[in-house]
Amino acid sequence: MKKNRADLVKARCCKCKKLKSIDKFRLRKYSPAQKSKGRYLSSWCKKCENIIYRKSSSYRFTKSAHALNRRAKFVGEKGKITPVDLRKLGDPDKCYLCGEKIKNGDAEYDHVIPRRADGLLCAENIRWVHRRCNRIKHDLTLKELVILLRKILNKIG
Ligand SMILES: [Zn+2]
Ligand SMILES: [Zn+2]
């Protein structure tokens, strides 16, 4: 009978190929491969699993949601965003203010209705914007932004 990997003292990681003690592997209660319950040792060590996880979109969305929620709590903003909300919003594509393409490093989340005007931190109120467009909009509502831009255009346009 084949010995359960979870009963070994050491096991080899299928990713880094290193022999490690089994506490370096995650123990699972279900095996998708064998479709059965029991005690199963991951084929990859925790270190290798973490490296892959940090490159995944799940990790990115979880990290971003956490950062947004933490900031909201800090500044006393109401609402909450989940990694699922951010996944739905997807990766930065176009800036919702100027309509031009955004590169990843230049993208920020903006509150369409600012906190100042009781805007919530929620999926409906969050959009991708350019860093620069976000600076221009600052804490204005869209209506206030248009009024300000008209004034600027009249003055210098
Ligand atoms: Zn490994
Ligand atoms: Zn823009």
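The letter at position 62 of the sequence shown is residue 92 when you use the numbering used here, and the numbering goes up by one with no holes.
The beta carbon of each residue, even a glycine, is placed where N, CA and C say it ideally should be.
Burial state of residue i (16 or more Cβ within 10 Å)
i    : result
I132 : buried
G135 : exposed
S66  : exposed
V114 : exposed
D44  : In the sequence on display, residue 44 carries Cys and not Asp. The residue is exposed, with fewer than 16 neighbouring Cβ atoms inside 10 Å.
L151 : buried
A41  : buried
P62  : exposed
G149 : buried
Whole-angstrom C-beta distance between residue j and residue i, which should lie under 8 Å
i    : j    : result
H141 : N155 : 5 Å
A147 : K118 : Rounded, the Cβ-Cβ distance is 24 Å, inconsistent with contact.
Beta-carbon proximity check, residue i vs residue j, cutoff 8 Å
i    : j    : result
F91  : L71  : no
E138 : N99  : no
W158 : C125 : yes
R69  : A102 : no
Same chain only: Cβ atoms within 7 Å of residue i, ignoring 5 sequence neighbours per side
i    : result
P144 : D169, L170, T171
P122 : I132, N134, A137, W158
Residues near residue i in its chain [Cβ-Cβ closer than 8 Å; skip 5 each side]
i    : result
E130 : K124, H160
Y89  : Y83
Any chain C beta carbon closer than 8 Å to residue i
i    : result
R157 : As a matter of chain content, chain C is missing from the structure shown, which is built from one protein chain.
* Any 3 or more C-beta pairs closer than 8 Å across the stretch 105 to 123 and the stretch 82 to 97 -> Contact holds: three or more Cβ-Cβ distances are below 8 Å.
* To do: For the stretch 71 to 86 and the stretch 49 to 56, state whether three or more C-beta atom pairs, one from each stretch, are separated by less than 8 Å.
  => A contact exists between the stretch 71 to 86 and the stretch 49 to 56.
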